[in-house]
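Novice: Under my numbering, the letters of the sequence shown match residues 20 to 959, in that order.
The beta carbon of each residue, even a glycine, is placed where N, CA and C say it ideally should be.
Being a predicted model, the structure only gives us computed values, none of them experimental.
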Amino acid sequence: MPRRLRPTRLEHVVDGHALRARLSAAALDAIGNEAEQRARAIDILKQALFRGRMIAKERLENGASGVETARLISGVTDEVITALYDFTTVHVFRARNPTEGERLCLLAVGGYGRGTLAPFSDIDLLFLRPYKQTPHAESVIEFMLYALWDLGFKVGHASRTIEECVRLSKEDFTIRTSILEARRLTGDERLANDLKKRFRDDVMKGTGAQFVAAKLKERDDRQARAGTSRYMVEPNVKEGKGGLRDLHTLMWIAEYLHPVDRPEDVFKLEVFSSRETKAFIRAFDFLHAVRAHLHFTTGRPEERLTFDLQPEIARRMGYGDRGDAPAVERFMRRYFLIAKEVGALTRAFSAKLEAEHFKNEPKGISRFLPGGRPKRKALDVEGFYEDGGRLNIDGPAVFEADPVNLIRLFKIADERDLDLHPDAFTAVTRSLSLITSKVRRAPEACRAFLDLLARGKRSYRTLTLMNDAGVLGRFIPEFGRVVAQMQFNMYHSYTVDEHTLRAVGVIGDMAAGRLVEDHPLAVSIMPLIEDREALFLAMLLHDTGKGGVGGQEKAGARAARSACERLGLERVKVELVAWLVENHLVMSDFAQKRDVSDPGTVAAFARIVENPERLRLLLVITVADIRAVGPGVWNGWKGQLLRELYNATEAVFRGGRGSDAAANVLRHQESLAEAARATLLEIDPAAKGWVSAMENAYFSAFPQEELFEHAALARRAAIQGGAAAEGRVQPNQNAAEIVVAAKDRRGLFADLAMAISALGGNVVGARVFTSRQGQALDVFYVQDVTGAPFGCENPRALRRLADALEAAGKGESLGVEPRRGSEPSRAAAFAIAPTVTIDNEASNDATVVEASGRDRPGLLHALAKTLADNGLSIQSAHIDGYGERAVDAFYVQTPEGGKLTETRKVAGVKADLLAALEQNEATAPAARPGLKRARASVAR
């Protein structure tokens, strides 16, 4: 980190006296030529503004604090605007003997009034006059505004009398807040003082509760727009939860209830302890620095810390790689820890605010809303009581007497469905040091925590409270190590701790039967799970190995063992939790990257899982883990694959211990196929040839009505020249399903993939089946560029795609290339290392080729064509994606129908696939000029 620079004096950056002297000289040199006077003045002021901003930028990059930078930019702006005012009123529209009505005062309001500005922030100005607008005041204001716009400022302005300010402030809380922060820049001082007095006497007096309620509602609405979680991985530094605006809201409330002359005097109020003041200043300083770097980097008022900007801001703020932790992830963890601290400050301040108002207003208010003073209700637990629907404590001594109460507090809150009173929350944050190694091993504490985790009523809400207070990471240090940790990729929408707690919440919802429509299988097996504690502990600890030595899975298993042993669990349970953590990605990998209709795949998975209880636990953990990654990640297609793998593996276990797993899968498939064939022939006797030619695995992959449709489509293909296609939207899978029946040939899959890409489709899943008569049935699941089912808003587009696939199936040229499109800037932020693996052990009769690289339109076609050019036929394809990275797996065979085993040929295929992936990476456009890509995290 750069060493902190000492603050500089404003006159060393912009000399106000010298600036005014230059403006006067310019005006005198061009006297009589108003246009020339104005042009020279604008040029002089632009130079001063540019110099001031560049000095601020240079100082920031060399270690100046964020608050000092914001104040320096505000000070430079002050000098430029006041110098412009003097120039205007002295040299352009001079009133030598101004009347009472021509008095004018210029005030900075809003954020500018606080005296802190980001480099490209808007400036808000109030031209204050005593009476109605005069021609002189109107001319001054118009000249100044046009000049400020020419200087590049985005100006919010108003011209009002004191009476108008008072009246409008009573009607509009936004105006009231802006005048609360009003700061005189220049002009008539008496006007500014009169406004301040009238505002305090006529607007502020007696309206504190009203103002607080309005500001808190405004905060809630703003956070709902920007994202309700403070742990979203592309946060809004200004408006997001835990950002600058939250701190401003607290300052507005404090200043409204305790009027001060300068914004910085707020921190001298008794309402803030020295500890909270230091936390405030620390958060302000960090967030102002981040915001200033954002503005300087982009050259505009950018408030969102997007992926492409995060590595550059990390570099500018002095963060470097440390071990396996990249600079960008270290920087973002610091950001989220600050955001977490802002949340704690908000609760602590709310507690003091509420207590103060009840003391001063005996008939007061409840949380600043109409109602009575909250009543105290005794509980049957010593030291705890209910206070207005929230759980409170008698005082910090409750924790000092028995630190286990720090855990009991949250268990009681969950049992009684109570929120924490801000007093209790603040006492918790100040008592974290009481959670020692002894407390972590205390049987009462461990039992209370496990009951809350595995049997809590609202586990996500209560665990989130524990995390926000710092208790969860303190009691479970393994979890504490991933608090506020982010992964630099597009796959995850939240930090590791927030993702984990959401996953625990998903399991809680499934246990309560609330997600039966989305996850029917997982909900149905929840009552069959014998060890709920192991399930919830594994979910809580599943990502604790991220960034650990030996890889995520091994490090996570070590962390899980350590945590479970400390919680006093028996050895069998400890090992079960560790196994679940180590293998929490296995079921997802097998379902999405392997052919679940292949007996070898199911047998290999069954050998890892070993028993039905583990299978049930792993399914629930996998579903919750995927669903909690972020919006839109879970879909019905993934659910279908997981259900197929679960059912096939369960059939293996029904065959008994020691039986041949692959043989059990074959018997299971044969049984399903026999029943499906009989039903299909009963409905459609003409499908006899199709039924006898398709392999058993095909019949377990689709419901009966779709099997009937496939048979009809195959007959239609034979009639109309060798290919037919039909498409329909499948809302439950968030994709359009397009089925193509065509005569099989080498390169067929590549041609079909190219047709889909050419028409703007993105393949998110595919299944490939080939009959014994050489008839291919390829099923594609396709989305459009927005991630919606292809053709959901335009049925004709889906029909055109089906027609194009029919033509491609017949071998006809489309005459168009796959769309490349402009790559979304979010994905362009990442450097992605392509990988290719070739596995001859995963399948009995095919080679599994897995290729991973930057996702883009046409990638599937490029990979499939490369395989076809190498003489390989694709038996099945499995498409998966993790944000910016695509992972496509292909089961391939040589022209002779065997595996790819020749060493030279294997190396050649791998090299060709890597070349296709690397070409894609090399030609991918950069997100923004001048910004370098950073290595994407491969952690899941």
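Would you mind giving the Cβ-Cβ distance between Ala603 and Ile640, rounded to the nearest angstrom? I have them listed as a contact below 8 angstroms.
Specialist: In the sequence as presented, Ala is not what sits at residue 603; that position holds His. Confirmed, Cβ separation roughly 5 angstroms.
Novice: Please return the same chain residues whose Cβ sits closer than 6 angstroms to the Cβ of Asp438, not counting the five positions on each side in sequence.
Specialist: Excluding positions up to five away in sequence, the list reads Arg409.
Novice: For Asp487, does the three-state DSSP call read helix, strand or coil?
Specialist: Asp487 falls in the helix class under three-state DSSP.
Novice: From Ile757 to Arg133, what does the alpha carbon distance come to, in whole angstroms?
Specialist: So the two alpha carbons sit approximately 59 angstroms from each other.
Novice: Find the nearest neighbour of Val490 within the set Thr27, Ile702, Phe444, Gly740, judged by alpha-carbon distance.
Specialist: For Val490, the nearest C-alpha among the options comes from Phe444.
Novice: Roughly how many angstroms lie between the CA atoms of Thr519 and Gly532, to the nearest whole one?
Specialist: Their Cα atoms are separated by approximately 20 angstroms.
Novice: Whose CA, out of Ala643, Leu796, Ala755, His561, lies closest to the CA of Ala712?
Specialist: The option with the nearest alpha carbon to Ala712 is Leu796.
Novice: List the endpoints of the continuous alpha helix (DSSP H) containing Leu817.
Specialist: Leu817 -> alpha helix (DSSP H) spans 814-828.
Novice: Just checking my contact of Arg904 with Ala955 at CB under 8 angstroms: how many whole Å lie between their CB atoms?
Specialist: About 7 angstroms; that satisfies the 8 angstroms criterion.
Novice: Write down the C-beta distance between Leu482 and Leu554 rounded to the nearest angstrom, noting that I regard them as a contact closer than 8 angstroms.
Specialist: The pair is not a contact, with the Cβ atoms about 15 angstroms apart (cut-off 8 angstroms).
Novice: How about the segment 805-825 and the segment 741-757: do they share at least three Cβ pairs that are nearer than 8 angstroms?
Specialist: The segment 805-825 is in contact with the segment 741-757.
Novice: What separation, rounded to the nearest whole angstrom, lies between the Cα atoms of His307 and Gly85?
Specialist: Each residue's Cα considered, the two are about 5 angstroms apart.
Novice: Any idea what DSSP makes of Val33, helix, strand or coil?
Specialist: The answer is coil: DSSP assigns Val33 none of H, G, I, E or B.
Novice: When the Cα of Asp826 is compared with those of Leu699, Ser512, Lys762, which residue comes out closest?
Specialist: Before going further, note that residue 826 is Ala rather than Asp in the sequence given. It is Lys762 whose Cα lies nearest to the Cα of Ala826.
Novice: Among Pro345, Arg341, Val309, which one has its Cα closest to the Cα of Arg335?
Specialist: If we check each option's Cα against that of Arg335, Val309 comes out closest.
Novice: Using beta-carbon positions only, say whether Lys565 and Glu601 come within less than 8 angstroms of one another.
Specialist: Cβ distance not < 8 angstroms, so Lys565 and Glu601 don't count as in contact.
Novice: In whole angstroms, what is the alpha-carbon distance linking Glu161 and Phe146?
Specialist: C-alpha separation (whole angstroms): 11 angstroms.
Novice: For Glu30, count neighbouring C-beta atoms within 10 Å of its own C-beta (all shown protein chains included) and say buried if the count is 16 or more, exposed if not.
Specialist: The residue is exposed, with fewer than 16 neighbouring Cβ atoms inside 10 Å.
Novice: Which runs of the beta strand (DSSP E) fall wholly inside the segment 890-941 and span at least 3 residues, in chain order?
Specialist: Runs of the beta strand (DSSP E) inside the segment 890-941: 892-901, 904-912.
Novice: Just checking, does the segment 233-242 make contact with the segment 336-355 on the three C-beta pairs under 8 angstroms criterion?
Specialist: The segment 233-242, when compared against the segment 336-355, does not touch it at the 8 angstroms Cβ threshold.
Novice: Pick helix, strand or coil for Glu842, following the three-state DSSP scheme.
Specialist: Only weak support is given to the placement of Glu842: the predicted model assigns it a pLDDT of 48, under 50, and the value that follows is read from those uncertain coordinates. The answer is coil: DSSP assigns Glu842 none of H, G, I, E or B.
Novice: Can you give me the C-alpha to C-alpha distance between Glu549 and Val252, rounded to a whole angstrom?
Specialist: Those two C-alpha atoms are separated by around 36 angstroms.
Novice: Please classify Pro26: is it buried, with 16 or more other beta-carbons within 10 angstroms of its beta-carbon, or exposed?
Specialist: Classification of Pro26: exposed, given that the 10 Å Cβ count is below 16.
Novice: Spatial neighbours of Gly784 within its chain, please: CB distance less than 6 angstroms, with the 5 preceding and 5 following residues excluded, ordered by chain position.
Specialist: If we look at Gly784 and ignore the five residues flanking it on each side, its Cβ neighbours are Trp656, Tyr800, Ile898.
Novice: For Gln749, write down the residues that DSSP places opposite it in a beta bridge.
Specialist: In the DSSP output, where bridge partners are listed per residue, Gln749 has Ala754.
Novice: Measuring alpha carbon to alpha carbon, tell me which of Ser292, Ile300, Thr88 ends up nearest Glu283.
Specialist: Of the listed residues, the one whose Cα sits closest to Glu283 is Ile300.
Novice: Please tell me whether Asp931 and Thr885 are closer than 8 angstroms, where the distance is taken between their beta carbons.
Specialist: A contact, by the Cβ cut-off of 8 angstroms.
Novice: Going by DSSP in three states, Gly390 sits in which element: helix, strand or coil?
Specialist: For Gly390, the predicted structure reports a pLDDT of 47, less than 50, and the residue's modelled location is therefore unreliable. The matter cannot be settled from this model.
Novice: With burial defined as no fewer than 16 other Cβ atoms inside 10 Å of the residue's Cβ, what is the status of Leu586: buried or exposed?
Specialist: The residue in question, Leu586, is buried, as its Cβ has 16 or more Cβ neighbours within 10 Å.
Novice: Counting beta carbon pairs with one atom in the segment 506-526 and one in the segment 604-612, are three or more of them shorter than 8 angstroms?
Specialist: Contact fails: fewer than three Cβ-Cβ distances are below 8 angstroms.
Novice: Ser719 to Gln894, Cα distance in whole Å?
Specialist: Answer to the nearest angstrom: the Cα atoms are 17 angstroms apart.
Novice: What does a CB cutoff of less than 7 angstroms around Asp169 pick up in its chain, not counting 5 residues either side in sequence?
Specialist: If we look at Asp169 and ignore the five residues flanking it on each side, its Cβ neighbours are Ile61.
Novice: Near Gly71, which residues of its chain fall below 6 angstroms by C-beta distance, leaving aside the five closest residues on each side in sequence?
Specialist: Cβ neighbours of Gly71 beyond the five flanking positions: Val32, Val33, Val95.
Novice: Quick one: which unbroken alpha helix (DSSP H) runs of 4-plus residues sit fully inside the segment 519-564? Chain order, please.
Specialist: Complete alpha helix (DSSP H) runs here, min 4: 539-544, 551-560.
Novice: What are the boundary residues of the alpha helix (DSSP H) that His155 is part of?
Specialist: Here the alpha helix (DSSP H) through His155 covers 154-169.
Novice: Look up Gln792 in the DSSP assignment and say whether it is helix, strand or coil.
Specialist: In the structure shown, Gln792 sits in coil (DSSP, three-state: anything other than H, G, I, E or B).
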